[in-house]
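A.B. asks:
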Amino acid sequence: MKLKPLIFATLACACAGFSYATPADDAIKEGILLLGNGSEPHSLDPHINSSLNGHHVVVSLIEGLIAPHPTDDNIPMPGMAEKWEHDDYTVWTFHLREATWTNGEPVTANDFLYGFQRILSPKLGSQYSEMLFSMKNAKAFNEGEIEDFSQVGAIAVDDRTLKVTLNGPVLYFLNMIKHESWFPVNKTTVEKYGAIDDPANNWIREEYVGNGPFKLKNWQMNQIIEVEKNPDYWDAENVLLNGIKFYPIASSNTEDQTFNRGGLHKTYEVPADLIPVYQERKDSNLRIDPFLGSYFYALNNTVPPLDNPKVRKALSYAVNRNSIVRRITKGGQTAAATFTPSGISGYEPSPVAEFNPKKARELLAEAGYPGGEGFPKLTLLFNTLESHKAIAEAVQEMWLKILGVEIELRNQEWKVFVDTISDGNFQIARYGWIGDYLYPDTFLRILHSDSGQNDSRYSNPVYDRLLDESFVEVDPKKRLDILAEAEAIMLEDMPIIPIYHYVRPIRLDPRVKGWHPKSIGIRNYKGIYFEN
Amino acid sequence: MLRFIFIRLGQAIPILLAIYTITFFMVRAAPGGPFSQERKVAPHIIEQQMEYYGFNDPIHVQFFRTLWQHITFDFPPLTSYPGLTSKDIIADTFPVSLQLGLLAMIVALSISLPIGILAAARKNTVLDYAPMSMAMVGICLPTFVIGPLLALLFGVWLGWLNISGWFSVYDRILPACTLGLFYAAYIARLTRGGMLETLNMDYIRSARAKGASERRVVLVHALRGGIMPVVSFFGPALAGLISGSFVVETIFQVPGLGRHFIQAALSRDHSLILSTVLFYAALIIVANMIVDIVQILLNPKLRYQ
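Protein chains in written order, with our numbering: chain A, 131 to 662; chain B, -11 to 293.
1. Does the segment 202 to 209 of chain A touch the segment 249 to 268 of chain A, meaning 3 or more C-beta pairs lie closer than 8 Å?
2. To the nearest angstrom, how far is it from the Cα of G181 of chain B to the Cα of A108 of chain B?
3. Between F688 of chain A and R451 of chain A, which are expected to be in contact by the criterion C-beta below 8 Å, what is the C-beta distance as a whole number of angstroms?
4. On a Cα-Cα basis, can you pick out the residue from A:A402, A:K489, A:E228 that is closest to E212 of chain A?
5. Based on Cα-Cα distance, which residue from A:Q557, A:D549, A:L515 lies nearest to N541 of chain A?
6. Taking M624 of chain A as the reference, which of A:Y655, A:K656, A:S589, A:D365 has the closest Cα?
7. Below 9 Å between beta carbons is the criterion; list the residues of the segment 347 to 378 of chain A that meet it against any residue of chain B, in chain order.
8. From the DSSP output, in three-state form, read off K507 of chain A for me.
9. Along the chain, where does the beta strand (DSSP E) containing E212 of chain A start, and where does it finish?
10. Decide if Y117 of chain B is buried, meaning its Cβ has at least 16 other Cβ atoms within 10 Å, or exposed.
11. For the alpha helix (DSSP H) holding F242 of chain A, just list the boundary residues, first then last.
12. Return the residue from the list B:L254, B:K289, B:L245 that minimises the CA-CA distance to L266 of chain B.
13. Note the first and the last residue of the continuous beta strand (DSSP E) segment covering V357 of chain A.
14. Of all the residues that make up the segment 522 to 546 of chain A, which are near chain B by a beta-carbon distance shorter than 8 Å?
15. If you measure from the beta carbon of V29 of chain B to each beta carbon in chain A, is any gap under 9 Å?
16. Under DSSP, the alpha helix (DSSP H) around E336 of chain A begins and ends at which residues?
17. Do the CB positions of L511 of chain A and A448 of chain A come within less than 9 Å of each other?
18. I'd like to know whether the C-beta atoms of W231 of chain A and N332 of chain A end up nearer to each other than 9 Å.
19. Got a sec? Which residues, its chain only, sit under 7 Å from G147 of chain A by beta carbon, not counting five neighbours each side?
20. Going along chain E, which residues have a C-beta under 8 Å from V15 of chain B?
21. What does the alpha-carbon distance come out to for the pair D217 of chain A and A616 of chain A?
22. Strictly below 7 Å CB to CB, what residues from chain B border G657 of chain A?
23. Under the assumption that H258 of chain B contacts P22 of chain B (Cβ atoms under 8 Å), give the Cβ distance between them as a whole number of angstroms.
24. Where does E275 of chain A fall in DSSP's three states?
25. Can you tell me where the alpha helix (DSSP H) holding D386 of chain A begins and where it ends?
26. Note down the Cα distance separating K345 of chain A from L191 of chain A, rounded to an integer number of angstroms.
27. For W544 of chain A, does the three-state DSSP call read helix, strand or coil?
28. Quick check: what's the CA-CA separation for K322 of chain A versus D175 of chain A?
29. Assuming H209 of chain B contacts A200 of chain B (C-beta within less than 8 Å), just tell me the rounded distance between them.
30. For the beta strand (DSSP E) that contains A284 of chain A, what are its first and last residues?
31. Are at least three pairs of beta-carbons, each pair with one atom in the segment 545 to 561 of chain A and one in the segment 375 to 393 of chain A, less than 8 Å apart?
32. So the beta strand (DSSP E) Y593 of chain A belongs to, where does it begin and stop?
33. Residues of chain A with a CB under 9 Å from the CB of Q87 of chain B: which are they?
34. Mind checking the segment 51 to 83 of chain B against chain A and listing, in chain order, the residues whose C-beta falls within less than 7 Å of any C-beta there?
35. Would you say T388 of chain A lies against chain B (beta-carbon separation less than 9 Å)?
36. For G228 of chain B, which three-state DSSP category applies?
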């Protein structure tokens, strides 16, 4: 009897709870976008940051020569550069627009030079300095071979004209310089808080001076990064948001619950086990966007029997990728028939990595291991994570059933894992690669014999030559054809086993407009607005 | 008493030194370094970084330099957050963890003490079995189960409280309750055990014989001895609580110290690992000392020892 009023009271309170405007509702009224941002970025300095979380914030605060296009990553959109021209894709001249830093100083060509000099300074130890190596003498300066920055291929013709000379033609240069490693910084501010090449220079926390559509308002570690509209931005009238709040919510489950509670407009990710649940429920907030990334197994091409291409191909043909994406990853990932993911306009490599058990068995027999007989027990290494383990177990099972090959699984903590593969102490290892810019290079380069990233230790002179040839080819179509040929040759050798191509599952409030699917994470927040 | 405190503080120095030494070498011995990562960085860049952070110096130089930095509170920049030092991190996050820990302790004590006392006073009745079974469940349910359940109930279903963040006073409720409930279960059982033992003692019988009321016997005579186990548990528990809880901080997105503890180890940030470990050690030492003092105050017998 006494329970009844209690239940009613609880229900009444619950209903009252529901009828309250959520933080997301309130924020929409104020024109503030609430974004989940993964974890705390280790820096917001464009020349030091190497994380995606930091990157998402930096692009709202600083604008480079070319701005990210709201819908299509292939289209260059004028940023600080109003217009540009090039000479055979090798010498680029950028005409800067009239723009100011948040401290009132004008943005000049020298600010870009200062940025280039800073990221290339050996002492700064920037992890992304390599992004600038296509610029003449940039590598030599970064490696300390030359100390005079004026020898590097960038000059300020005048305050508003910047001329960049590259080592050779780079057709996708405009795509590449959207990356924050090419961003300018305000010299006065940087030097106020330390030397140009001091990694601990704390200008980002003391006084963040940018030139982007937003400016830094509040930064509390592991709590919030708040940016507000920059009224002095050159295109301020087209900035439709009044601000963005980035929440570094490290746990994807907490983030998802926060979204359900109405605390976010967009999540950074979706917990893998919830994706199929939301798909089944036809959740209108769930969106699966493309993402330029490849998940694969690196094979150590120098250890027997993996030094035999037939063995590598046999292993690859025995992997049922469709089954992996359908039954294990379940997040909308696509089975990888190539190394380079799709989405790069004009690039279509022939799909090679298919599932063909018969061919797999034949190749293994040809390699001298019929039915897996005499095949040594190999180890598959992955970094400790449930999802990697599930895929590894599936592949272990496939190889055993189809090829009669037994492998051992071993997991290691991240830093240990990274060191182990760098040292080459592995046979088969899980690997993931995310593209830095929209061009096949960003993937194919890592398997070049000279690449430091080539942990498979793959070396094919023909592949290397084709890549090198592509670097100097100025005809866009020809260049992509050469790269497609190179990829086909590489996949014929199968130094790696592509498994799937990444996607970016997010949950997005349908009232947020202008958040277009993009395969590269670089986003222009100025095209985003709320539905009335 | 002052002499006792000085002796205890004196003993703390070699303990901290030992902890420093062990941690220093364990961190150095762990595979993987602060600069190992999937995206390869040119060897000369790694070399520059190693030089900048002083990792190229002989190990004994690094050992004494880092020790001196900790004695003088003059910390080097961190490898995981360039521009910040351990001091910045601890100064920024410890107040949050302290607040969360104290609130959790209040939650824990205000639930567990009455339950424990009642269970002991009404031994082998429903009032004993019911709360004690609940406490057993509470001990078995880890915070990563209680936390999301509370978040689901009060955050998503009822919509009363925020699930993540540490902005308003209300944001303290869910994390403090999650952490507090877990400790409450332990303390309730400890209280009951301690009380039962005390209630069987001769002086309690004397008190009853003298005609003291049951309430007076339990709350005045027995309680003082009965909560001794709780007090012993309290010291390390308090240190653990106020130095942050990795799980609760992660579940509710609380910007506390606990997460840095784990994150520092994962990112092999040598300086941050050492500072957080030493800070935690110092907290435990101080908390234990306070417990000893409280015990002396509660138990006159100890005063003579």
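No residue lacks a Cβ here, since even glycine has one placed at the ideal position from N, Cα and C.
C.D. replies: Considering the structure as presented:
1. no
2. Locating residue 181 of chain B in the second sequence gives position 193, where the first residue counts as 1. Locating residue 108 of chain B in the second sequence gives position 120, where the first residue counts as 1. Cα to Cα, G181 of chain B sits roughly 7 Å from A108 of chain B.
3. The requested residue 688 of chain A is not part of the displayed model; chain A covers only 131 to 662.
4. Translated into positions along the first sequence, residue 212 of chain A becomes position 82. Cα-wise, what sits closest to E212 of chain A is A:E228.
5. Position 411 of the first sequence, counted from the start, is the residue given in the question as residue 541 of chain A. Ranking A:Q557, A:D549, A:L515 by Cα distance to N541 of chain A puts A:L515 first.
6. Position 494 of the first sequence, counted from the first residue, corresponds to residue 624 of chain A. Among A:Y655, A:K656, A:S589, A:D365, the Cα nearest to that of M624 of chain A belongs to A:S589.
7. Q350, M351, N352, Q353, I354, Y377, P378
8. In the first sequence, the residue the question calls residue 507 of chain A occupies position 377. Correct three-state label for K507 of chain A: coil.
9. Locating residue 212 of chain A in the first sequence gives position 82, where the first residue counts as 1. Element bounds for E212 of chain A: 211 to 217.
10. Numbered from its first residue, the second sequence carries residue 117 of chain B at position 129. Exposed: under 16 other Cβ atoms inside 10 Å.
11. Locating residue 242 of chain A in the first sequence gives position 112, where the first residue counts as 1. Element bounds for F242 of chain A: 239 to 250.
12. Your numbering for residue 266 of chain B matches position 278 in the second sequence. Per the Cα distances, B:L245.
13. As a first step, residue 357 of chain A is located in the first sequence; it is residue number 227 there, counting from the start. For V357 of chain A, the enclosing beta strand (DSSP E) begins and ends at 354 to 359.
14. Those residues of the segment 522 to 546 of chain A that come within reach of chain B (Cβ to Cβ, closer than 8 Å) are E543, W544, K545, V546.
15. Numbered from its first residue, the second sequence carries residue 29 of chain B at position 41. True, the Cβ-Cβ gap to chain A drops below 9 Å.
16. Walking along the first sequence from the start, residue 336 of chain A turns up at place 206. For E336 of chain A, the enclosing alpha helix (DSSP H) starts and ends at 333 to 336.
17. On the first sequence, residue 511 of chain A is found 381 positions in, with the first residue counted as 1. On the first sequence, residue 448 of chain A is found 318 positions in, with the first residue counted as 1. No, Cβ-Cβ distance for L511 of chain A and A448 of chain A is not below 9 Å.
18. For this step, residue 231 of chain A is matched to residue 101 along the first sequence. For this step, residue 332 of chain A is matched to residue 202 along the first sequence. No.
19. Position 17 of the first sequence, counted from the first residue, corresponds to residue 147 of chain A. Because G147 of chain A sits at a pLDDT of 46, beneath the cut-off of 50, its placement in the model cannot be relied upon, and the following sentence gives the value as read from the coordinates. Only residues of its own chain outside the window of five on either side were considered, and among them none has a CB closer than 7 Å to the CB of G147 of chain A.
20. Going by chain labels, chain E is absent from the structure shown, which instead holds the protein chains A and B.
21. The residue you call residue 217 of chain A lines up with position 87 of the first sequence. The residue you call residue 616 of chain A lines up with position 486 of the first sequence. Each residue's Cα considered, the two are about 27 Å apart.
22. Within the first sequence, numbered from 1, the residue matching residue 657 of chain A stands at position 527. Neighbours of G657 of chain A in chain B, taken as residues at a C-beta separation under 7 Å, are lacking, since the least C-beta distance is about 28 Å.
23. For the purposes of this step, residue 258 of chain B is identified with residue 270 of the second sequence, where counting begins at 1. For the purposes of this step, residue 22 of chain B is identified with residue 34 of the second sequence, where counting begins at 1. Sure, about 7 Å apart at Cβ, within 8 Å.
24. In the first sequence, residue 275 of chain A corresponds to position 145, counting from 1. It is coil, neither helix nor strand.
25. Numbered from its first residue, the first sequence carries residue 386 of chain A at position 256. Looking at the DSSP string, the run of the alpha helix (DSSP H) that includes D386 of chain A is 382 to 390.
26. Position 215 of the first sequence, counted from the first residue, corresponds to residue 345 of chain A. Position 61 of the first sequence, counted from the first residue, corresponds to residue 191 of chain A. Near 5 Å, if we compare the C-alpha coordinates of L191 of chain A and K345 of chain A.
27. Numbered from its first residue, the first sequence carries residue 544 of chain A at position 414. Correct three-state label for W544 of chain A: helix.
28. Within the first sequence, numbered from 1, the residue matching residue 322 of chain A stands at position 192. Within the first sequence, numbered from 1, the residue matching residue 175 of chain A stands at position 45. Using only the alpha carbons, I get a separation of about 15 Å.
29. Position 221 of the second sequence, counted from the start, is the residue given in the question as residue 209 of chain B. Position 212 of the second sequence, counted from the start, is the residue given in the question as residue 200 of chain B. 7 Å between Cβ atoms; contact.
30. The residue you call residue 284 of chain A lines up with position 154 of the first sequence. Taken as a continuous stretch (DSSP letters only), the beta strand (DSSP E) holding A284 of chain A covers 284 to 288.
31. no
32. Within the first sequence, the letter at position 463 stands for residue 593 of chain A. It is not in any beta strand (DSSP E) - Y593 of chain A instead sits in the alpha helix (DSSP H) that spans 591 to 602.
33. Translated into positions along the second sequence, residue 87 of chain B becomes position 99. Neighbours of Q87 of chain B on chain A: none; closest Cβ ~14 Å, over 9 Å.
34. P65, S68, Y69, P70, G71, D80
35. In the first sequence, the residue the question calls residue 388 of chain A occupies position 258. Output row for T388 of chain A: interface = yes.
36. Numbered from 1 along the second sequence, position 240 holds the residue referred to as residue 228 of chain B. Helix at G228 of chain B.
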